[in-house]
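Written out below as structure tokens is the structure these notes cover.
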Amino acid sequence: MQFTSQKISNVTLIRIQGRIDHNTSKDFENALKPHLDECISGMNKKIIVDLNGVDFMTSAGLRALMIAAKTCDKQKAEIAVAALQPIIQEIFTISRFDLVLKIFPTVKSAFENLSVDAVGDYGNNLSS
Amino acid sequence: MQIRFWGTRGSIPVAANGRVIREKIKRALLLAEGLRFGSQEQVDRFIDESIEFPTKCGYGGDSSCIQILGGDDYMLCDMGSGLRRFGQHVITEHGPQNPKVYHFFMSHLHWDHIMGFPFFQPAYIPGNIIHIYGGHTVEVMKDAFRRQQSSPCFPVYWDQLGADIHFTQLKENQWHEINGFRIKLRGQEHHGGSFGYRIEKSGKALVYSTDAEHKLDNDKNTAGILDFYRNADLVIFDAMYSLADMITIKEDWGHSSNIIGVDLCLRARVKHYCMFHHEPAYNDEDLFKILQETRRYEEIVREALPLEISTAYDDMVIDL
Numbered sequence: 001m002q003f004t005s006q007k008i009s010n011v012t013l014i015r016i017q018g019r020i021d022h023n024t025s026k027d028f029e030n031a032l033k034p035h036l037d038e039c040i041s042g043m044n045k046k047i048i049v050d051l052n053g054v055d056f057m058t059s060a061g062l063r064a065l066m067i068a069a070k071t072c073d074k075q076k077a078e079i080a081v082a083a084l085q086p087i088i089q090e091i092f093t094i095s096r097f098d099l100v101l102k103i104f105p106t107v108k109s110a111f112e113n114l115s116v117d118a119v120g121d122y123g124n125n126l127s128s
Numbered sequence: 129m130q131i132r133f134w135g136t137r138g139s140i141p142v143a144a145n146g147r148v149i150r151e152k153i154k155r156a157l158l159l160a161e162g163l164r165f166g167s168q169e170q171v172d173r174f175i176d177e178s179i180e181f182p183t184k185c186g187y188g189g190d191s192s193c194i195q196i197l198g199g200d201d202y203m204l205c206d207m208g209s210g211l212r213r214f215g216q217h218v219i220t221e222h223g224p225q226n227p228k229v230y231h232f233f234m235s236h237l238h239w240d241h242i243m244g245f246p247f248f249q250p251a252y253i254p255g256n257i258i259h260i261y262g263g264h265t266v267e268v269m270k271d272a273f274r275r276q277q278s279s280p281c282f283p284v285y286w287d288q289l290g291a292d293i294h295f296t297q298l299k300e301n302q303w304h305e306i307n308g309f310r311i312k313l314r315g316q317e318h319h320g321g322s323f324g325y326r327i328e329k330s331g332k333a334l335v336y337s338t339d340a341e342h343k344l345d346n347d348k349n350t351a352g353i354l355d356f357y358r359n360a361d362l363v364i365f366d367a368m369y370s371l372a373d374m375i376t377i378k379e380d381w382g383h384s385s386n387i388i389g390v391d392l393c394l395r396a397r398v399k400h401y402c403m404f405h406h407e408p409a410y411n412d413e414d415l416f417k418i419l420q421e422t423r424r425y426e427e428i429v430r431e432a433l434p435l436e437i438s439t440a441y442d443d444m445v446i447d448l
């Protein structure tokens, strides 16, 4: 599993690539942790997790996502997931995560929902 | 070894009311529209082949009680409301004056798992011998049963029972030889503690693991669960909630989810995963949909041999 993160305006965009199962869920948690710590310290209040590169996820990955969502909720921060592959969308439906997490079809639509201010910067970032 | 389910519902028994039955009849009639049946056999064939399970049948509403056949004596796990029907079945089969030996393995002592005992007719008949085993202390087990059959909860008190009743605490993580079976207990996360059972005989292994919240947040604990389930022919699993419910609003309620069951059983190379302890708010259509979704999840995440998946229903029989 690979991950990158970048700050775009007031939003942290985390891109995940690969499989998230019981073998890699700790890596996924570790990828999210510094950004959740920033939520706790008040430095960061908006996170978008781009799952476009994720083609496999089990309950271990879902659990890590839910822990992140709960942490954000406690800090009155926002977290959203975006750009799910159809197979991952199906897993979200089966687990009912589609009812409890903010899910957007594209990263752009996630930005539009979480931070209007950051949409322009996200667009610039794409074209740069 | 054969498993017979006398009760499969979690928390509290439920029953289909008139509205539910009317809807089932309506759906069946619509499916039969335009058809003519020339015999009873044709009607049965139509029901068997053309009507889905939630319409022609249903999962039932008695609380947890399963029977394990294959030993000399009767052997069961838990005493939910399904135990009443089991007791009636025994009396019908053998008559009231034919003493028998019964072995009960208790997951725990919450009400939905002991409520069938006051209605278990063989307990009132002298000559019957009842062994009640569990991971809790004898004092805790006795107290739960005595309190259930005392004023003001029930009119027939514990001391009025005619059968010879024995309580035994079984040690965890070691094998016990009972009624020709090898039996091992493992402690589980649940309010007040619960115990799963691995039951083996003639090369076949059953795991009965209900009322257990598998959070999978502790690698050592998860490894212990996987060892306990390893290569089992059948795992009867507490799949009461969706994963989202289990780790949000129903966290620490003591139950697991359908897809956690799939992940554990795949990793432990279990052959057959049977969902059990159904949420009482779910109707037959809900449970049928969850079964289909769970099978689809298994199809997505499976990497080796397929896992057979079923949803337990009252009177279901599984041969191992």
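Heads up: the protein sequence lines correspond to chains F and E, in order. So that you can map any letter, position 55 of the first sequence is 55 in my numbering, and since no number is skipped, the others follow by simple counting. Here my numbering = 1-based position in the second sequence + 128. Here a beta-carbon is modelled for each residue, glycine too, at the ideal position from N, C-alpha and C. Predicted model only: the values in this text are computed from it and were never measured.
Original post:
Going by other Cβ atoms of all chains shown within 10 Å of its Cβ, with 16 needed for buried, is residue 281 of chain E buried or exposed?
Top reply: Here residue 281 of chain E is taken as the residue at index 153 of the second sequence, counted from 1. By the 10 Å Cβ count, residue 281 of chain E comes out exposed.
Original post:
Mind pulling the chain E residues with CB within less than 8 Å of residue 78 of chain F?
Top reply: Here residue 78 of chain F is taken as the residue at index 78 of the first sequence, counted from 1. At a C-beta separation below 8 Å, residue 78 of chain F has no neighbours in chain E, since its nearest C-beta there lies roughly 16 Å away.
Subject >> Per DSSP, the bridge partner or partners of residue 225 of chain E >> reply: For the purposes of this step, residue 225 of chain E is taken as residue 97 along the second sequence, with counting starting at 1. According to DSSP, which records beta bridges pairwise, residue 225 of chain E is partnered with nothing at all.
Subject >> Among E/137, E/140, E/179, E/163, nearest to residue 156 of chain E - alpha-carbon criterion >> reply: For the purposes of this step, residue 156 of chain E is identified with residue 28 of the second sequence, where counting begins at 1. Comparing Cα positions, the closest option is E/179.
Original post:
Just how far apart, CA to CA, sit residue 391 of chain E and residue 142 of chain E?
Top reply: As a first step, residue 391 of chain E must be located in the second sequence, where it is residue number 263. As a first step, residue 142 of chain E must be located in the second sequence, where it is residue number 14. The alpha-carbon atoms of residue 391 of chain E and residue 142 of chain E are separated by roughly 29 Å.
Subject >> Closest by C-alpha distance to residue 332 of chain E, when choosing among E/399, E/236, E/145 >> reply: Taking the first residue of the second sequence as position 1, residue 332 of chain E is located at position 204. Its Cα nearest to that of residue 332 of chain E, the residue E/399 stands out among E/399, E/236, E/145.
**OP:** Kindly list, in the order they appear in chain F, the residues whose Cβ is closer than 7 Å to that of residue 421 of chain E.
**Re:** Here residue 421 of chain E corresponds to residue number 293 of the second sequence, with the count starting at 1. Per Cβ cutoff of 7 Å: 94.
**OP:** Kindly identify the DSSP beta-bridge partner or partners of residue 334 of chain E.
**Re:** On the second sequence, residue 334 of chain E is found 206 positions in, with the first residue counted as 1. Answer is E/327, E/362, bridged to residue 334 of chain E.
Original post:
Roughly how many whole angstroms lie between the Cα atoms of residue 227 of chain E and residue 254 of chain E?
Top reply: Locating residue 227 of chain E in the second sequence gives position 99, counting from the first residue. Locating residue 254 of chain E in the second sequence gives position 126, counting from the first residue. Distance between residue 227 of chain E and residue 254 of chain E, taken at the CA atoms: about 8 Å.
Subject >> Outcome for residue 387 of chain E when other beta-carbon atoms lying within 10 angstroms are tallied against a minimum of 16 >> reply: As a working note, residue 387 of chain E is residue 259 in the second sequence. With 16 or more Cβ atoms within 10 Å of its Cβ, residue 387 of chain E is classed as buried.
Original post:
Residues of chain F with a CB under 7 Å from the CB of residue 425 of chain E: which are they?
Top reply: What you label residue 425 of chain E is simply residue 297 of the second sequence in a count that begins at 1. At a beta-carbon threshold of 7 Å, the residues of chain F lying near residue 425 of chain E are 91, 94, ordered along the chain.
Original post:
Going by other Cβ atoms of all chains shown within 10 Å of its Cβ, with 16 needed for buried, is residue 274 of chain E buried or exposed?
Top reply: On the second sequence, position 146 is the one that residue 274 of chain E refers to. Residue 274 of chain E is classed as exposed because its beta carbon has fewer than 16 other beta carbons within 10 Å across all chains shown.
**OP:** Using beta-carbon positions only, say whether residue 71 of chain F and residue 99 of chain F come within less than 7 Å of one another.
**Re:** By one-based count along the first sequence, residue 71 of chain F stands at place 71. By one-based count along the first sequence, residue 99 of chain F stands at place 99. For residue 71 of chain F and residue 99 of chain F, no; Cβs fall outside 7 Å.
**OP:** Could you tell me which chain F residues have their CB closer than 8 Å to the CB of residue 344 of chain E, listed as they occur along the chain?
**Re:** Taking the first residue of the second sequence as 1, we reach residue 344 of chain E at position 216. Within 8 Å of the CB of residue 344 of chain E, the CB atoms of chain F belong to 22, 59, 60, 63, in sequence order along the chain.
Original post:
Any idea if residue 120 of chain F is buried or exposed, counting beta-carbon neighbours within 10 angstroms, 16 or more meaning buried?
Top reply: Taking the first residue of the first sequence as position 1, residue 120 of chain F is located at position 120. Under this definition residue 120 of chain F is an exposed residue.
**OP:** Take residue 423 of chain E and list the residues in its own chain whose beta-carbon comes closer than 8 Å to its own, dropping the five residues that flank it on each side.
**Re:** For this step, residue 423 of chain E is matched to residue 295 along the second sequence. Cβ neighbours of residue 423 of chain E beyond the five flanking positions: 437.
Subject >> Own chain, CB closer than 7 Å to residue 408 of chain E, minus 5 neighbours either side, in chain order >> reply: In the second sequence, the residue the question calls residue 408 of chain E occupies position 280. Same-chain partners within the cutoff: 137, 138, 139, 140, 142.
Original post:
Are any of the Cβ atoms in chain E nearer than 7 Å to that of residue 81 of chain F?
Top reply: Here residue 81 of chain F is taken as the residue at index 81 of the first sequence, counted from 1. No, no contact with chain E.
Original post:
Should the region 50 to 70 of chain F be called in touch with the region 78 to 91 of chain F, which here means at least 3 C-beta pairs below 8 Å?
Top reply: They touch, by the three-pair rule.
Original post:
Hey, is residue 376 of chain E's beta-carbon within less than 7 Å of any beta-carbon in chain F?
Top reply: Numbered from 1 along the second sequence, position 248 holds the residue referred to as residue 376 of chain E. At least one chain F Cβ lies under 7 Å of residue 376 of chain E.
Subject >> Distance CB(residue 48 of chain F)-CB(residue 118 of chain F) smaller than 7 Å >> reply: For the purposes of this step, residue 48 of chain F is identified with residue 48 of the first sequence, where counting begins at 1. For the purposes of this step, residue 118 of chain F is identified with residue 118 of the first sequence, where counting begins at 1. Going by C-beta atoms, residue 48 of chain F is not nearer than 7 Å to residue 118 of chain F.
Subject >> Through-space distance from residue 170 of chain E to residue 22 of chain F, alpha-carbon basis >> reply: To locate residue 22 of chain F, count along the first sequence from 1; it is residue 22. To locate residue 170 of chain E, count along the second sequence from 1; it is residue 42. Rounded to whole angstroms, residue 22 of chain F to residue 170 of chain E spans 50 Å at the Cα level.
Original post:
Beta carbon of residue 186 of chain E, beta carbon of residue 134 of chain E: below 7 Å?
Top reply: The sequence position of residue 186 of chain E within the second sequence is 58, counting from 1. The sequence position of residue 134 of chain E within the second sequence is 6, counting from 1. Result no, Cβ atoms of residue 186 of chain E and residue 134 of chain E do not sit closer than 7 Å.
**OP:** Give every residue of the same chain whose Cβ lies closer than 8 Å to the Cβ of residue 158 of chain E, excluding the five residues on either side of it in the sequence, and list them in chain order.
**Re:** Residue 158 of chain E sits at position 30 when you count from the first residue of the second sequence. Short of 8 Å from the beta carbon of residue 158 of chain E, and not among the five residues preceding or following it, lies no beta carbon of its own chain.
**OP:** Within the same chain, show all residues whose beta-carbon is closer than 7 Å to that of residue 212 of chain E, passing over the 5 residues directly before and after it, in chain order.
**Re:** Numbered from its first residue, the second sequence carries residue 212 of chain E at position 84. Closer than 7 Å at the Cβ level, and outside the excluded window around residue 212 of chain E, lie 244, 247, 248.
**OP:** Under the assumption that residue 14 of chain F contacts residue 50 of chain F (Cβ atoms under 8 Å), give the Cβ distance between them as a whole number of angstroms.
**Re:** Residue 14 of chain F sits at position 14 when you count from the first residue of the first sequence. Residue 50 of chain F sits at position 50 when you count from the first residue of the first sequence. About 7 Å; that satisfies the 8 Å criterion.
Subject >> Cβ neighbours of residue 114 of chain F in the same chain (closer than 7 Å, five flanking residues each side left out) >> reply: Here residue 114 of chain F is taken as the residue at index 114 of the first sequence, counted from 1. Contacts found: 11, 46, 48, 78, 80.
Subject >> Beta carbon proximity, residue 391 of chain E to chain F, threshold 7 Å >> reply: Along the second sequence, one-based indexing puts residue 391 of chain E at 263. Closer than 7 Å to some Cβ of chain F, the Cβ of residue 391 of chain E qualifies, so yes.
Subject >> N-terminal and C-terminal residue of the beta strand (DSSP E) that residue 447 of chain E is part of >> reply: For the purposes of this step, residue 447 of chain E is taken as the residue at position 319 of the second sequence. First-last of the beta strand (DSSP E) with residue 447 of chain E: 445 to 447.
Original post:
Do the region 374 to 389 of chain E and the region 331 to 351 of chain E make contact, defined as three or more Cβ pairs closer than 8 Å?
Top reply: Counting Cβ pairs under 8 Å, three or more are found: they touch.
**OP:** Give the residues from the region 291 to 320 of chain E that approach chain F closer than 7 Å (Cβ to any Cβ), ordered along the chain.
**Re:** Within the region 291 to 320 of chain E, no residue has a Cβ that lies closer than 7 Å to any Cβ of chain F.
**OP:** Name, in chain order, the residues that DSSP records as bridge partners for residue 309 of chain E.
**Re:** Numbered from 1 along the second sequence, position 181 holds the residue referred to as residue 309 of chain E. Paired residue(s): E/306.
Original post:
Exposed or buried, residue 256 of chain E, counting other C-beta atoms within 10 Å across all chains shown (16 or more means buried)?
Top reply: Indexing the second sequence from 1 puts residue 256 of chain E at position 128. The residue is buried, with at least 16 neighbouring Cβ atoms inside 10 Å.
Original post:
Quick one: Cα of residue 190 of chain E to Cα of residue 442 of chain E, how far?
Top reply: Along the second sequence, read from residue 1 onward, the residue named residue 190 of chain E stands at position 62. Along the second sequence, read from residue 1 onward, the residue named residue 442 of chain E stands at position 314. Straight through space, the alpha carbons of residue 442 of chain E and residue 190 of chain E are spaced by roughly 7 Å.
Subject >> residue 116 of chain F to residue 106 of chain F span [Cα, whole Å] >> reply: Stepping through the first sequence from its first residue, residue 116 of chain F is reached at position 116. Stepping through the first sequence from its first residue, residue 106 of chain F is reached at position 106. Distance between the alpha carbons of residue 116 of chain F and residue 106 of chain F: 15 Å.
**OP:** Using a Cβ cut-off of 7 Å (strictly closer), state whether residue 437 of chain E contacts chain F.
**Re:** As a working mapping, residue 437 of chain E is identified with position 309 in the second sequence. Closer than 7 Å: no.
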